[in-house]
Amino acid sequence: MREHKARKRFGQNFLQDTRIIGDIVHAVRPQPEDTVIEIGPGLAAITEPLAKKLNRLHVCEIDRDIVKRLKTLPFADKLVIHEGDVLQFDFQSIPGKKKIVGNLPYNISTPLLFRLSEVADDVVDMHFMLQKEVVERMVAEPKTNDYGRLGVMLQYFFDMEMLIEVPPESFDPAPKVDSAVVRMIPVKHRIGEAADFEHFAKLVKAAFHQRRKTIRNNLKDIAGDDDLQAVGINPQDRAEHIAPDLYVKLSNYLVQKAV
Ligand code: SAM
Numbered sequence: 000m001r002e003h004k005a006r007k008r009f010g011q012n013f014l015q016d017t018r019i020i021g022d023i024v025h026a027v028r029p030q031p032e033d034t035v036i037e038i039g040p041g042l043a044a045i046t047e048p049l050a051k052k053l054n055r056l057h058v059c060e061i062d063r064d065i066v067k068r069l070k071t072l073p074f075a076d077k078l079v080i081h082e083g084d085v086l087q088f089d090f091q092s093i094p095g096k097k098k099i100v101g102n103l104p105y106n107i108s109t110p111l112l113f114r115l116s117e118v119a120d121d122v123v124d125m126h127f128m129l130q131k132e133v134v135e136r137m138v139a140e141p142k143t144n145d146y147g148r149l150g151v152m153l154q155y156f157f158d159m160e161m162l163i164e165v166p167p168e169s170f171d172p173a174p175k176v177d178s179a180v181v182r183m184i185p186v187k188h189r190i191g192e193a194a195d196f197e198h199f200a201k202l203v204k205a206a207f208h209q210r211r212k213t214i215r216n217n218l219k220d221i222a223g224d225d226d227l228q229a230v231g232i233n234p235q236d237r238a239e240h241i242a243p244d245l246y247v248k249l250s251n252y253l254v255q256k257a258v
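Just so we're aligned: 225 in numbering that gives the first Met the number 0 is position 226 of the sequence shown, and the numbers increase by one with no gaps anywhere.
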């Protein structure tokens, strides 16, 4: 490669497989007028074909050298460059419903996904390259090993689907893990509206605190057996057996009870 040496601290694994790049752009289906934000454009592997199809493309990039390079590209006039940490980026500063895309730096993917949940109402769809193992947890159903806090919290906001599996050699440098592209679309109808989202989030975190323990044990400071039974949860069950909507139901029951 290239004039840019990949920086590990910024999770830089640059896509080099043109077939995968084409598949991602095809999945995003960009229309000229769309408001699209790309997180971490890097050396513009996805940025260039996206920009070709769009009137304008927002990109958010933390690496100053990469930002400099982006400004010299032949299609730079189409880019709106937001230099900085995407975890601090105010997505709402860009008006309209957004499509968000990115081959994400894996070291920040979980906090980023939680942050993006907050702007779900402003989003058309999101397509992300992530560690395959993370995508498996995002889409996992109850009673599977991958089902946990990440799945419950994201499934509250998004319908998700693994679209493309991507081997390490599609990147330069190659990461140590397999990757996958996930599509996330905000759900039309939530699995039940959490009356107090903070409470719901805290409850789910506590429920999965120690996976091997019963739900009764993990929630002992939050809910009694009566509360669990009132919404149809068996206190002896484990968190991983309980469907997302039951967590919403339990949270709402407890919030209501406390009034
Ligand atoms: N999109 C390019 C590609 O597919 O080849 C690069 C992907 S690379 C996995 C991740 C990109 O995100 C890098 O360009 C990196 O500098 C950038 N990045 C890392 N941490 C970031 C952060 N906190 N905020 C914004 N960009 C970040």
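Note that the Cβ used here is the ideal one computed from N, Cα and C, for glycine as well.
DSSP bridge partner residues for residue i (one or two, in chain order)
i, result
"residue 79", "57"
"residue 182", "126 and 160"
"residue 237", "213"
"residue 9", "DSSP, once it has assigned bridges, lists no residue as partnering residue 9."
Cβ distance (whole Å) where residue i is taken to contact residue j below 8 Å
i, j, result
"residue 13", "residue 41", "5 Å"
"residue 200", "residue 152", "7 Å"
"residue 78", "residue 58", "6 Å"
"residue 16", "residue 169", "4 Å"
"residue 61", "residue 89", "Between residue 89 and residue 61 the Cβ distance is about 15 Å, and since that is not below 8 Å, they are no contact."
"residue 181", "residue 129", "6 Å"
"residue 241", "residue 232", "6 Å"
"residue 207", "residue 114", "About 20 Å separates the two Cβ atoms, so there is no contact after all."
With 16 other Cβ atoms within 10 Å as the buried cut-off, status of residue i
i, result
"residue 11", "buried"
"residue 247", "buried"
"residue 258", "exposed"
"residue 46", "buried"
"residue 73", "exposed"
"residue 126", "buried"
"residue 37", "buried"
"residue 33", "buried"
"residue 154", "buried"
"residue 4", "exposed"
"residue 239", "buried"
"residue 102", "buried"
"residue 97", "buried"
"residue 136", "buried"
"residue 217", "buried"
"residue 43", "buried"
"residue 243", "buried"
"residue 92", "exposed"
"residue 75", "exposed"
"residue 150", "buried"
"residue 193", "buried"
Neighbour flag for residue i against chain C, beta carbons, 8 Å
i, result
"residue 164", "Chain labels in this structure do not include chain C; a single protein chain is all it has."
Could I get the ranges of all uninterrupted beta strand (DSSP E) runs contained in the region 95-179, with 3 residues as the minimum, in chain order?
Every unbroken stretch of the beta strand (DSSP E) spanning 3 or more residues and falling wholly within the region 95-179 is given here in chain order: 97-102, 122-130 and 157-165.
Jot down the residue ranges of each uninterrupted beta strand (DSSP E) in the region 15-76, minimum 3 residues, whole runs only, in chain order.
Runs found: 34-38 and 56-60.
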